[in-house]
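For our numbering, add 4 to where a residue sits in the sequence shown, where the first one is 1. Glycine included, every Cβ here is placed at the ideal spot set by N, Cα and C.
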Amino acid sequence: MHYTLHLTNNCNMQCDYCYVDKENVQVMHISTIKKVIDMAAGNSGQSQGIIFFGGEPLLCKDLIYQAIEYGRWKEKHMDTCFHFKVTTNGLLLDKQFIDFSKEYGLFIALSHDGVAEAHNLHRKDREGKGTFEMLSEKIDLLLSSHPYAPVLMTVNHDNVRYFAESVEYLYDKGFKYIICSMNYAGKWDEESLKILAREYNKLAEFYLRKTLAEEKFYLSPFEVK
5 MHYTLHLTNN
15 CNMQCDYCYV
25 DKENVQVMHI
35 STIKKVIDMA
45 AGNSGQSQGI
55 IFFGGEPLLC
65 KDLIYQAIEY
75 GRWKEKHMDT
85 CFHFKVTTNG
95 LLLDKQFIDF
105 SKEYGLFIAL
115 SHDGVAEAHN
125 LHRKDREGKG
135 TFEMLSEKID
145 LLLSSHPYAP
155 VLMTVNHDNV
165 RYFAESVEYL
175 YDKGFKYIIC
185 SMNYAGKWDE
195 ESLKILAREY
205 NKLAEFYLRK
215 TLAEEKFYLS
225 PFEVK
């Protein structure tokens, strides 16, 4: 079983397709987190997933540290096992957090929309500036320690023309697990759907080429089918 902990509704970005209500900022208390871990630990002999989500969960790094340390302590005293995961926009990734993730077995997934033209359309900081350049070194830092970290891409009606190019960019950066999700709430029309079909054909050619060269990777639009 997986338990998703929304540590906070606060974020250091303002992506315009985000569905999280950021009014009245709240932060989960450590006592609530420990209760969830206690409940999960009751399923003895099974691996339990604890997922840290937001808002931006890395705004609450101390809570993540405490939660994982508590979970690992429970493992030593009970017949239970945890696997921990965090989904982050990446801006607050640093060496200290990466080192902690390696030591305690924290799986990190990064949200990123691909090439600058696609990413910066929606994934902006609090000042309205695109975050593409800020994340380039963060990606390198992440993949140097977590080479199989997945990247989560959101495809919109207005950046769909960069879909295939963005997948290739993320692949070239080193990501081997690329998970693509459609923003179904976007203003899709006949023209953008035609572009989507064209991009899927490009992706099919790229996927086939890499597979035949035995450079295998996970691309969700095809793998989940």
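Item to complete: Measure the Cβ-Cβ separation of Thr8 and Ile55 and say whether it is below 7 Å.
Response: Thr8 is a Cβ neighbour of Ile55, given a cutoff of 7 Å.
Fill in: Min CB distance Arg202 to chain B below 7 Å
Considering every chain present, this structure includes no chain B. It has just one protein chain.
Discussion item. Check this for me: beta carbons of Val24 and Asn13, under 7 Å apart or not?
Written reply: For Val24 and Asn13, yes; Cβs fall inside 7 Å.
Worksheet item: Can you give the beta carbon distance from Glu203 to Phe167, rounded, assuming they're within the 8 Å contact cut?
Response: About 4 Å separates the beta carbon of Glu203 from that of Phe167, a gap short enough to meet the 8 Å contact definition.
Worksheet item: Of the residues Glu60, Leu63, Gly46, which one's Cα is nearest the Cα of Gly75?
Response: Of Glu60, Leu63, Gly46, the residue nearest in Cα terms is Gly46.
Worksheet item: Taking the alpha-carbon positions, what's the Asp103 to Asp20 distance?
Response: Answer to the nearest angstrom: the Cα atoms are 32 Å apart.
Discussion item. Which residue marks the beginning of the alpha helix (DSSP H) containing Lys201, and which one marks its end?
Written reply: Reading off the sequence shown, one finds Ala at residue 201, where the question assumed Lys. Run containing Ala201: 194-216, per the alpha helix (DSSP H) assignment.
Discussion item. Cutting at 6 Å between CB atoms, please list the residues of its own chain near Ile143, excluding the five before and the five after it.
Written reply: So the qualifying residues of the chain are Lys177.
Item to complete: Grab the span of the beta strand (DSSP E) containing Phe57 for me, first residue to last.
Response: Counting along the chain, the beta strand (DSSP E) containing Phe57 begins and ends at 51-57.
Worksheet item: Would you call Leu114 buried or exposed, if buried means 16 or more other Cβ atoms sit within 10 Å of its Cβ?
Response: The residue is buried, with at least 16 neighbouring Cβ atoms inside 10 Å.
Fill in: Length of the line joining the Cα atoms of Asp83 and Trp77
If you take the alpha carbons of Asp83 and Trp77, they lie about 11 Å apart.
Fill in: Burial state of Gln100 (16 or more Cβ within 10 Å)
Label assigned to Gln100: exposed.
Practice prompt. May I ask you to list the residues that DSSP assigns as paired with His10?
Written response: Beta-bridge pairing links His10 to Phe57.
Item to complete: Kindly list the residues whose CB is nearer than 8 Å to the CB of Tyr211, restricted to its own chain and excluding five residues on each side of it in sequence; keep chain order.
Response: Taken in chain order, the residues that qualify are Leu223, Phe226.
Worksheet item: CB-CB under 6 Å to Phe88, same chain, minus the five flanking residues each way: which ones, in chain order?
Response: Excluding residues up to 5 positions away in sequence, Ile54, Ile72, Leu110 lie with their Cβ nearer than 6 Å to the Cβ of Phe88 in the same chain.
Discussion item. Would you call the segment 188-196 in contact with the segment 146-157, where contact means no fewer than 3 C-beta pairs closer than 8 Å?
Written reply: Too few Cβ pairs lie closer than 8 Å, so no.
Worksheet item: Which of helix, strand or coil does DSSP assign to Thr84?
Response: Of the three classes helix, strand and coil, the one that applies to Thr84 here is coil, per DSSP.
Worksheet item: Are the beta-carbon atoms of Gly58 and Leu96 separated by less than 7 Å?
Response: Taking 7 Å as the Cβ cut-off, Gly58 and Leu96 do not qualify as a contacting pair.
Practice prompt. Classify Cys64 as helix, strand or coil using the three-state DSSP reduction.
Written response: Cys64: helix per DSSP, three-state reduction.
Worksheet item: When you compare each of Met17, Asp117, Ala44 to Asn187 by their alpha carbons, which one comes out closest?
Response: The residue with the shortest Cα to Cα distance from Asn187 is Asp117.
Worksheet item: What is the DSSP secondary structure of Val29, reduced to helix, strand or coil?
Response: If DSSP states are grouped into helix, strand and coil, Val29 belongs with coil.
Worksheet item: Between Asn93 and Glu60, which are expected to be in contact by the criterion C-beta below 8 Å, what is the C-beta distance as a whole number of angstroms?
Response: For a cut-off of 8 Å, the C-beta gap from Asn93 to Glu60 is around 6 Å, short enough to register as a contact.
Worksheet item: Roughly how far, in whole angstroms, is the beta-carbon of Thr64 from the beta-carbon of Val31, given that I think they are within contact range, below 8 Å?
Response: According to the sequence provided, residue 64 is Cys. The question's Thr does not apply to it. Correct: roughly 6 Å between the Cβ atoms.
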